[in-house]
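Visitor:
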Amino acid sequence: MNLSQKILNVEFSNPTVLASGIWGITASSWKRVVENGAGGITTKSLWIREHKGHPNPTVIANEHWTLNAVGLPDAGPQKAREEIGEYLKDKPAPLIANIVAGKVEDFVAIAEIICGLGPDFLEVNISCPNVEDECGKPFACSAPDAKKVTEEVKKVSGDVPIFIKLSPNVDDIGAIAVACAEAGADGFTAVNTFGPGMAIDLKSRQPILANKVGGLSGPGLKPIAVRCIHDVYKATGGKLPIIGTGGVHTGEDALEMMIAGASLVGIGTSIGERGQDVFKKVCDEMNEWCETEGVSEISELIGSMSE
Amino acid sequence: MQNRLPTTYRIASVKKETADVQTFTFEVSLGARPGQFGMIWLPGVDEVPMSIAYDDGKQLKITFFAVGDMTKELAKKKEGDLVGLRGPFGTNYEWKKGQKLALLAGGYGAAPMYFTAHEAIKDNCDVHVFVGARSKDHLLYIDELGSLKGVTLHVATDDGSEGYKGYNVNQLSEMIEGGESFDEFLACGPEMMLKAVSGISSDKKIPSQLSLERYMKCGYGLCGNCVVDPLGIRLCIDGPVINNDICVQITDFGKYHRDDVGRKHEF
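In order, the protein sequence lines correspond to chains A and B. Read in order, the letters of the first sequence are residues -2 to 304 in this note's numbering. Read in order, the letters of the second sequence are residues 209 to 475 in this note's numbering.
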């Protein structure tokens, strides 16, 4: 059974990648994730200048869901240079650098710097649901806005493929993906967190997250993620690779996303339940299933849903 | 079961320990073991990690120093006010039955060390507690520790206003030079104190468990803020209490820590 595949000329030893926003602050943590079986890693979102996240509480959960409003903290490009540089010295697995901004020109500025560092892919976060106060409605919620960012980032990304990270919180994710594809997107990450949602403490009657609202994640949201991946895959004719994220907990979840159209599968929240070696566990489960079902190449599964 | 969603509870009682330190008691348990931490939420202000000062399955205590923006606000709270709690998170101190333990407590590290001593004597351990502080007025949990049967208390102050004059680690070191022996060191306090304990631990080949403090957000391994170099381990999962043999591999240890945006700051 072969879990490895080449995506846009980048070799991945297996389809699991660390989703953006989880761990991901330092080179040493990226390496640790790879030691635990991830086929690739995604950095936390990188900004053109230092960006404070939200005050705590920022991450809360119960047995059904996780709600976060970490607020994309980042120290800015100098730290990105140091940590990415450190990781790329012996690069144990492909690096996907995630960037974020509130304005198109800032996306362009950070894209140019980060692409210069030589990541394997650039992931463009236009869909975070918990920085609306400062950044406004995410670009991913409007086809013209998403297209504009894609077009402008594409001008400076050189030979680094760009993946647009889409929001599930839209009427027609397929139409947004098509708009980005027309503007030169090389792939998609589907999807960012859901909502935003809110949780209230009963006795104090206060919203628990300091930001009041946050992005929802966890296994219960996987069916929406699967539908989104399917919509994007279908709308773009299956021509562009998709990193599927949203509620992946088990190997079966990952396989389901691949059948819906994902080439790679992002894992984040489930580190909290299954531990840091969730990547190894998911790969073992995928392997076992494929062997039982007589699937010899994992890439056979991508977009293989029968209709 | 670890609780990851903050729930507010009323403060059952407030005890003023020193000019800047207070203890809040809550009529609830998180099921915490000594050395584990909780995330303490002050609605509308902030949420910070704190060592659990005591948890007996019915009552929980936190002892804190009003030093930052959040703890200064927390210090204004009175009996009956609401504070959010979640946890317990991280690793705890461990010992074997009948061991001779040296517990080193610096500053408000005395609170979790009281909890540790309280539990270790139940396992018939011979517990020596070395409490250190700047001066007599800053000593914490002295009466409580003194009242535990099976605990030998050693007090050290930087200015000599009470007990040994100097650092508690030096007092321990002198006792070891004088022929005293211990099976294990358990330490909680400022990182420079931990660094000194680590040094003696390595020199004398006596194992030690040290509680490392780093900026934390989620408390259970997702946010990545408490990851240390070059191991990439998360101190909310693999710590806060870690063995010295792991500690000496951490380049951050005694040198730098990272802030909320992940930037390094030297101690």
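Where is the CB? At the ideal position from N, CA and C, for every residue including glycine.
Taking the beta strand (DSSP E) that SER221/B belongs to, which residues open and close that run?
Guide: Segment 211 to 224, the beta strand (DSSP E) holding SER221/B.
Visitor: For GLY244/A and LYS219/A, which I take to be in contact (beta-carbon distance under 8 Å), what is that distance rounded to the nearest angstrom?
Guide: About 3 Å; that satisfies the 8 Å criterion.
Visitor: Given a threshold of 16 other Cβ atoms within 10 Å of its Cβ, counted over all protein chains shown, does ARG292/B qualify as buried or as exposed?
Guide: In the sequence as displayed, the identity of residue 292/B is Gly instead of Arg. Buried.
Visitor: Measuring alpha carbon to alpha carbon, tell me which residue in ILE4/A, GLY269/A, SER10/A is nearest CYS280/A.
Guide: The shortest C-alpha separation from CYS280/A is found at SER10/A.
Visitor: Any chance the stretch 415 to 435 of chain B sits against the stretch 382 to 402 of chain B, with 3 or more Cβ pairs inside 8 Å?
Guide: Touching, yes, given that three or more Cβ pairs across the two stretches are closer than 8 Å.
Visitor: Run through chain B and tell me which residues come within less than 8 Å of GLN203/A, C-beta to C-beta.
Guide: The contacting residues are PRO251, GLY252.
Visitor: Please check if any C-beta of chain A sits within less than 9 Å of the C-beta of TYR428/B.
Guide: It does; some Cβ of chain A falls within 9 Å.
Visitor: Apply the 10 Å Cβ neighbour rule to HIS362/B and answer buried if 16 or more other Cβ atoms are within range, or exposed otherwise.
Guide: Flag for HIS362/B reads buried.
Visitor: Between which two residues does the alpha helix (DSSP H) harbouring ILE256/A extend?
Guide: Start and end: 248 to 257.
Visitor: Secondary structure at THR147/A, three-state DSSP: helix, strand or coil?
Guide: In the structure shown, THR147/A sits in a helix (DSSP, three-state: H, G or I).
Visitor: Can you have a look at GLU253/A and say buried or exposed, based on whether 16 or more other CB atoms are within 10 angstroms of its CB?
Guide: With 16 or more other Cβ atoms within 10 Å, it is buried.
Visitor: Any idea what DSSP makes of ASN189/A, helix, strand or coil?
Guide: Correct three-state label for ASN189/A: coil.
Visitor: Once DSSP output is grouped into helix, strand and coil, what is the label at GLY244/A?
Guide: The answer is coil: DSSP assigns GLY244/A none of H, G, I, E or B.
Visitor: How about ILE173/A and ALA140/A: are their beta carbons less than 9 Å apart?
Guide: In contact: ILE173/A and ALA140/A (Cβ atoms closer than 9 Å).
Visitor: Just to confirm my understanding: we take ALA98/A, look at its own chain, exclude 5 residues before and 5 after, and list those with CB closer than 7 Å. What are they?
Guide: Result list for ALA98/A: TRP44, ILE45, PHE104, ILE107, in chain order.
Visitor: How long is the line joining the alpha carbons of GLY440/B and LYS280/B, rounded to whole angstroms?
Guide: Taking the straight line from one Cα to the other gives about 32 Å.
Visitor: Can a CB atom of chain A be found closer than 9 Å to the CB of VAL469/B?
Guide: Answer yes: the Cβ-Cβ gap between VAL469/B and chain A drops below 9 Å somewhere.
Visitor: Short of 8 Å in beta carbon distance, which residues of its chain neighbour LYS403/B, apart from the five on each side in sequence? Order them along the chain.
Guide: Contacts found: PHE461, GLY462.
Visitor: May I have a chain-ordered list of the beta strand (DSSP E) segments no shorter than 3 residues that lie completely inside the stretch 287 to 336 of chain B?
Guide: Runs found: 290 to 297, 308 to 314.
Visitor: Grab me the residues of THR23/A's own chain with a C-beta within less than 7 Å of its C-beta, minus the 5 sequence neighbours each way, in chain order.
Guide: If we look at THR23/A and ignore the five residues flanking it on each side, its Cβ neighbours are GLU80.
Visitor: Determine the contact status of ALA341/B and THR360/B, defining contact as a CB-CB distance below 9 Å.
Guide: Result no, Cβ atoms of ALA341/B and THR360/B do not sit closer than 9 Å.
Visitor: Under a three-way DSSP split, which group does LYS269/B fall into?
Guide: Residue state, collapsed to three classes: strand.
Visitor: Shorter than 9 Å from the beta carbon of VAL256/B to some beta carbon of chain A?
Guide: True, the Cβ-Cβ gap to chain A drops below 9 Å.
Visitor: Can you grab the Cα-Cα spacing for the pair GLU129/A / PRO135/A, in whole Å?
Guide: Their Cα atoms are separated by approximately 7 Å.
Visitor: Considering only residues of the same chain and omitting the five flanking positions on each side of ARG442/B, which have a CB-CB separation below 8 Å?
Guide: GLY429, GLY432, CYS434, VAL435.
Visitor: Mapping the DSSP letters down to three states, classify GLY171/A as helix, strand or coil.
Guide: Correct three-state label for GLY171/A: helix.
Visitor: Kindly give me the distance between the Cβ atoms of PHE118/A and PHE185/A, rounded to whole angstroms, as I take these residues to be in contact under 8 Å.
Guide: Contact flag wrong, Cβ pair sits at about 11 Å.
Visitor: Closer than 9 Å, Cβ to Cβ, to anything on chain B: give me those residues from the stretch 39 to 55 of chain A, in chain order.
Guide: For the stretch 39 to 55 of chain A, which is checked against every Cβ of chain B, the residues closer than 9 Å are LYS41, GLU47, HIS48, LYS49, GLY50, PRO52, ASN53, PRO54, THR55.
Visitor: Do we get a CB-CB distance below 9 Å when we pair LYS162/A with the residues of chain B?
Guide: It does not: the Cβ of LYS162/A has no partner Cβ on chain B nearer than 9 Å.
Visitor: Can you check whether the CB of HIS51/A is closer than 9 Å to the CB of GLY215/A?
Guide: No; because the gap between Cβ atoms is not below 9 Å, this pair is not in contact.
Visitor: On a Cα-Cα basis, can you pick out the residue from ASN53/A, LYS152/A, THR40/A that is closest to PRO257/B?
Guide: Selected option, being the one with the closest Cα: ASN53/A.
Visitor: Using a Cβ-Cβ cut-off of 7 Å (strictly less than) and excluding sequence neighbours within five positions of LYS278/A, which residues of its own chain qualify?
Guide: The answer, listed in chain order, is ARG271.
Visitor: Helix, strand or coil: which one does DSSP assign to ASP198/A?
Guide: Of the three classes helix, strand and coil, the one that applies to ASP198/A here is strand, per DSSP.
Visitor: Mind pulling the chain B residues with CB within less than 8 Å of ALA174/A?
Guide: In chain order: nothing, as chain B lies at least about 28 Å away.
Visitor: Which residues of the stretch 431 to 442 of chain B have a Cβ closer than 8 Å to any Cβ of chain A? Give them in chain order.
Guide: Under the 8 Å Cβ criterion, the stretch 431 to 442 of chain B contributes CYS431, GLY432, ASN433, VAL435, VAL436, ASP437, PRO438, LEU439, GLY440, ILE441, ARG442.
Visitor: With DSSP as the reference, identify every bridge partner of GLY340/B, one or two as the case may be.
Guide: BP columns for GLY340/B point to GLY314/B, ALA364/B.
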